Amino acid sequence: MSTATCARFCSPLTGGKGSSTSKLTSGTGSNMTSSPLHKKQIPAAPATTTAAAAATNDNTEATFTFKLSRATTSSNVNGGSHSVASSESSDPLESDYSEETEEEEQQPQQQQQQPQKKQPQSKHVSVSSRSSSSATTTSVDNDGDEDVDDEEDGDEGDGHDTDDVTNNDDSDESEQDDGNETDDEETDDDSEESSSVQTAKGVRKYHLDDYQIIKTVGTGTFGRVCLCRDRISEKYCAMKILAMTEVIRLKQIEHVKNERNILREIRHPFVISLEWSTKDESNLYMIFDYVCGGELFTYLRNAGKFTSQTSNFYAAEIVSALEYLHSLQIVYRDLKPENLLINRDGHLKITDFGFAKKLRDRTWTLCGTPEYIAPEIIQSKGHNKAVDWWALGVLIYEMLVGYPPFYDEQPFGIYEKILSGKIEWERHMDPIAKDLIKKLLVNDRTKRLGNMKNGADDVKRHRWFKHLNWNDVYNKKLKPPIMPDVHHDGDTKNFDDYPEKDWKPAKAVDQRDLQLFNDF
Ligand SMILES: Nc1ncnc2c1ncn2[C@@H]1O[C@H](COP(=O)(O)OP(=O)(O)OP(=O)(O)O)[C@@H](O)[C@H]1O
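Each residue of the sequence shown is one higher than the last, beginning at 0 in numbering that gives the first Met the number 0.
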């Protein structure tokens, strides 16, 4: 398969073939968008595995809804990216909790509607679409005890390499509640539209009016992301605006709360910083640092593929971030080039924590982007941080080769390929990188690098990273391979143009619905 023939690069995901208990349903219009976006039925994981397992678990039909990630975007652009959120079992999209949670009661099973996204006015080449999904699966915290043999020969073979797909369920831990951590530590008395926040310079009373909205730079499932200027600090920032009606309609309340709660807890050089969040009667707002370089996805598509050195740089920054997140028991679950922004200094910022989750043990929500989903998610075995190491393997492969290792026009086909474990290797691939990828793309998560007893250290000690001083990585001492073309901090040239007049104010929600966001 070449880049040219990889359908993902030429066309958005299309309707699914066949049917299983999993399905994607079309959405209705969104009050946030005026142009139709991609709405399609996508078959989810093989019915014999995922859907069936989920049904067994929850005694309900599995429903997978994909919010499309990126229909047509452009090279230089952060186009209409869409994420998929598929939900399985009784709890569509919404609940990451294990079976019996309040949320499931609050959110009876129903078909998920495809969110709509505004089409960007693309500046450059059209690239493909890719969707993220969520549903309920299983996961196990498998810290298998097997040692890693990093020094194994990375064979330089080409052609096909069939990785062993053992699919042996390594589940060895009892299910526990892995509900999202809700934070009760803060009163929400002043959380609507204004609130006081302790900053480095003292307590600041934030207010929405402090932010001057300049331009839309991206769209998400529930709204948009705008470049803003903080009138007080005069700093540029990104405001993510989520229409509550859409969040409710798509049953993403818990995911959105998760996103905010997790982002509030974390601080890392390669993770987006949340400055403040608030809500009014219509929208939820999250204010982030503005990352003006655009998405890694754009640079990768423009370049076709990255050199081993370039890929190594980005992979190292991601390893550093994943190690940090996992140390806080946070599993990210949506690693892909679309969610990696390049800052003005050339370093990465991981964004979009919509699927991130604080784990106590394992979780059952099927979520992610089909090409990046780990086998245990497809198989509803329950998953944990091991899925991020799998996704890292996919990402390194995609950076080096230009397309992901498991690809099909339909998610169903992608899942089949993931489960088959067959990977096509390029003839001239860096053998050491290939060795790392093979050790990350191991179906048996107890043997997957990063998920064994030494955790992230096993990845960091792999030969591909041998030359690195990890403190230097963390401290941004490595020289970035790409410096984005930006002229000032508020430059939007690396993002698509979105017709601003198309945005319609989101409808206000009633008091009862507003209460669903009490702790936002
Ligand atoms: N801090 C930021 N600085 C610059 N651009 C950003 C920032 N955060 C997000 N964006 C851009 O806005 C777009 C949408 O943001 P994000 O992915 O967080 O929204 P979302 O609703 O979670 O999207 P999706 O539905 O695709 O998951 C992204 O494609 C990203 O390029």
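Yeah, the Cβ is synthetic: ideal placement off N, Cα and C, and Gly gets one too.
None of these values were measured; they are calculated from a predicted model.
The region 320-330 / the region 258-272 touching (three or more Cβ pairs under 8 Å): The region 320-330 vs the region 258-272: in contact.
contact_flag[the region 450-457, the region 401-421] where n(CB pairs < 8 Å) is 3 or more: Not touching, per the Cβ criterion.
DSSP three-state assignment for A70, whether helix, strand or coil: Interpretation of A70 is limited by its pLDDT of 31, a score under 50 that renders its predicted location unreliable; no figure is taken from the coordinates.
C-beta atoms of N556 and G292 nearer than 8 Å: Since the first residue of the chain shown is 0 and the last is 519, residue 556 is not available in this structure.
Spatial neighbours of E375 in its chain, beta-carbon cut-off 6 Å, leaving aside the 5 residues before and after: So the qualifying residues of the chain are H382 and R444.
Same chain, Cβ closer than 8 Å to D490, five either side skipped, listed in chain order: Closer than 8 Å at Cβ, skipping near neighbours: C291.
Close Cβ partners of P488 (< 8 Å) along its chain, the five nearest in sequence each way excluded: Here residue 488 turns out to be Asp, not Pro, going by the sequence shown. Hits under 8 Å: K234, Y235, Y289, C291 and R343.
Distance between N338 and T350 (C-alpha atoms, nearest Å): Rounded to whole angstroms, T350 to N338 spans 5 Å at the Cα level.
Burial state of P504 (16 or more Cβ within 10 Å): Burial state of P504 is exposed, judged by a 10 Å Cβ sphere holding fewer than 16 other Cβ atoms.
Whole-Å CB distance - E280 paired with L513, under 8 Å assumed: L513 and E280 do touch by the CB rule: their CB atoms are close to 7 Å apart, below 8 Å.
Cβ shell of E385 (< 6 Å), same chain only, five flanking positions each side left out: The sequence given here places Ala at residue 385; Glu does not occur at that position. So the list reads R444, R447 and N450, once near-sequence residues are dropped.
For F519 and I317, the rounded distance between their alpha carbons: Computed Cα separation, rounded: 28 Å.
Straight-line gap, N141 to Q328 (C-alpha atoms, nearest Å): Note that N141 has pLDDT 32, beneath the 50 cutoff, so the model's placement of it is unreliable and no number is given.
Element boundaries [alpha helix (DSSP H), containing Q510]: Where Q510 is concerned, the enclosing alpha helix (DSSP H) stretches over Q510 to Q514.
Where R444 falls: helix, strand or coil (DSSP): It is helical.
Among Y473, G392 and H206, the one whose alpha carbon lies nearest that of D333: Measuring from the Cα of D333, the nearest candidate turns out to be G392.
The region 416-435 touching the region 462-475, judged by at least three CB pairs closer than 8 Å: Inter-segment contact for the region 416-435 and the region 462-475 is present: three or more beta-carbon pairs are separated by less than 8 Å.
Length of the line joining the Cα atoms of M398 and K335: Computed Cα separation, rounded: 10 Å.
Distance between M243 and R511 (C-alpha atoms, nearest Å): Cα to Cα, R511 sits roughly 12 Å from M243.
For F312 and V400, the rounded distance between their alpha carbons: When the Cα atoms are used, V400 and F312 turn out to be separated by approximately 16 Å.
Proximity of S195 and T277 at Cβ, strictly below 8 Å: In this structure, T277 does not lie closer than 8 Å to S195 by Cβ.
Top-ranked residue by Cα proximity to F221, from L283, A373, L295 and R300: Residue L283 is the option with its Cα nearest to F221.
Proximity below 8 Å, CB of P479 to CB of I413: Cβ distance not < 8 Å, so P479 and I413 don't count as in contact.
Sequence-distant residues of its chain with Cβ nearer than 8 Å to E499 (five each side left out): If we look at E499 and ignore the five residues flanking it on each side, its Cβ neighbours are K214 and T215.
Own chain residues within Cβ distance below 8 Å of T181, not counting five before or after: With a pLDDT of 34 at T181, under the threshold of 50, the predicted position of this residue should be treated as unreliable, and no value is reported.
Closer than 7 Å: L295 CB and nearest ligand 1 heavy atom: Every heavy atom of ligand 1 is 7 Å or more from the Cβ of L295, so no.
Contacting residues, own chain, Cβ-Cβ under 8 Å from V210 (five flanking each side not counted): According to the sequence displayed, residue 210 carries Tyr and not Val. The beta carbon of Y210 sits closer than 8 Å to the beta carbons of C227, R228, D229, R230, C236, M238 and I286 from its chain, once the five residues preceding and following it are set aside; these are given in chain order.
Nearest candidate by alpha-carbon position, reference K416, set A302, W275, A373 and L515: Cα-wise, what sits closest to K416 is A373.
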